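Report on the structure given below.
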Amino acid sequence: MDKCLEIDQLRNNLKAAEVESYPSQEELKSKIEMLSLELHCAHKKSEIFQKELTFLSKEREDLLVQTRELDKGSDENNDSKVFASKIINQLLIVTKERDSLMTQIEEQRRYVVKVEHLRKNCSDELLEAKVRVEELTRRISNMEVKEHINKVMYILIVAPHLKDSILAYQRYDGVPIGDRP
1 MDKCLEIDQL RNNLKAAEVE SYPSQEELKS KIEMLSLELH CAHKKSEIFQ
51 KELTFLSKER EDLLVQTREL DKGSDENNDS KVFASKIINQ LLIVTKERDS
101 LMTQIEEQRR YVVKVEHLRK NCSDELLEAK VRVEELTRRI SNMEVKEHIN
151 KVMYILIVAP HLKDSILAYQ RYDGVPIGDR P
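Going by the UniProt record's numbering, 137 is the number at position 137 of the sequence shown; the sequence numbering is gapless.
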């Protein structure tokens, strides 16, 4: 019995301790629930922050890539601008050379026209000269024929009156016999 009493007392003490600890336990349960809620909210916020961090990290990477591309594009753009500037300068040089060549070609065309005109004039003058030469040749031939006819007529008409027809011919020639070689 002694033991029973002792067990009963321990049970009573236990109940008294439970009654005394009940408010503390309830308070602790409440605090644990609050802390669990806060932990859950913190986990939710952490997940949200993690998602935002992931999103921002991704966006940062995208922006870095875009920045690199812009820098690269800027370099390429600068290279393109330099290349375009060089091409424009070459185009200007080629245009100036083309204009110079066009001017030279135009001068050559004018020169060709002038030479053609001079050639035509020379051809016309040559043709006229040939016509004159032919006319003069014909006139000279006619004169030689007339002269020959006149000599023959003179010899035929005058020769019977002269002793020697050769002397008559030589006289007609106009060169004295002693002056001949």
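Quick reminder that beta carbons are idealized off the backbone N, C-alpha and C, glycines included.
Here the structure is a predicted model, which means the values were calculated and not measured.
Residue 151 and residue 129 have their C-alpha atoms some 31 Å from each other.
Straight-line spacing of the CA atoms in residue 29 and residue 10 works out to 25 Å. Going by C-alpha positions, residue 2 is about 24 Å away from residue 18. A distance below 8 Å between beta-carbons, with the five flanking residues on each side excluded, links residue 147 to no residue of its chain. Residue 20 and residue 45 have their C-alpha atoms some 37 Å from each other. In this model, residue 112 and residue 104 are separated by some 12 Å (Cα to Cα).
Within the region 61-119, no alpha helix (DSSP H) run of at least 4 residues lies entirely inside it.
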